[in-house]
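J.:
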Amino acid sequence: MPENGKRNTATRNRHRAYLRRTKPPCGLCGEDIDYSLPHLDPGSFVVDHIVPLARGGADELDNVQSAHRLCNGQKHDKLAGETTKAAAPAAPRTYVTWRTW
Ligand SMILES: [Zn+2]
Numbered sequence: 001m002p003e004n005g006k007r008n009t010a011t012r013n014r015h016r017a018y019l020r021r022t023k024p025p026c027g028l029c030g031e032d033i034d035y036s037l038p039h040l041d042p043g044s045f046v047v048d049h050i051v052p053l054a055r056g057g058a059d060e061l062d063n064v065q066s067a068h069r070l071c072n073g074q075k076h077d078k079l080a081g082e083t084t085k086a087a088a089p090a091a092p093r094t095y096v097t098w099r100t101w
């Protein structure tokens, strides 16, 4: 069991190298990513944790995906809003599902 809250640069570099090699599309918007873009370009790729580490996600390859820097920033905004909503239990939540029971 890896210690939580520890940032492992070696692991992160390994994930980056893996994504750069396999070049998957953005896991958030589904569009292709230009892996040759400079680091700070909004369209450049970042390593995104599918389940955020702060929420107990594992720092493992099966929990990482590629995302545009821009998309990743928007995801963070969304998560912040989600947290605010969860703190206000008065607002009812509607769950949409396509699943048939
Ligand atoms: Zn994207």
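The sequence shown begins at 1 in the numbering used here and counts up by one. Where is the CB? At the ideal position from N, CA and C, for every residue including glycine.
By the three-class DSSP mapping on this structure, what secondary structure does His39 have?
T.: Here residue 39 refers to the residue found at position 39 when the sequence shown is read from its first residue. It is coil, neither helix nor strand.
J.: Taking its Cβ as the centre, do 16 or more other Cβ atoms sit within 10 Å of Leu40, making it buried, or is it exposed?
T.: In the sequence shown, residue 40 corresponds to position 40, counting from 1. Exposed is the call here.
J.: List the endpoints of the continuous beta strand (DSSP E) containing Ala67.
T.: Your numbering for residue 67 matches position 67 in the sequence shown. Looking at the DSSP string, the run of the beta strand (DSSP E) that includes Ala67 is 64–68.
J.: Name, in chain order, the residues that DSSP records as bridge partners for Val47.
T.: By 1-based counting over the sequence shown, the position of residue 47 is 47. The partner list for Val47 (beta bridge, DSSP) reads Ser66.
J.: Between Gly56 and Ile50, is the Cβ-Cβ spacing less than 9 Å?
T.: Here residue 56 refers to the residue found at position 56 of the sequence shown. Here residue 50 refers to the residue found at position 50 of the sequence shown. Result no, Cβ atoms of Gly56 and Ile50 do not sit closer than 9 Å.
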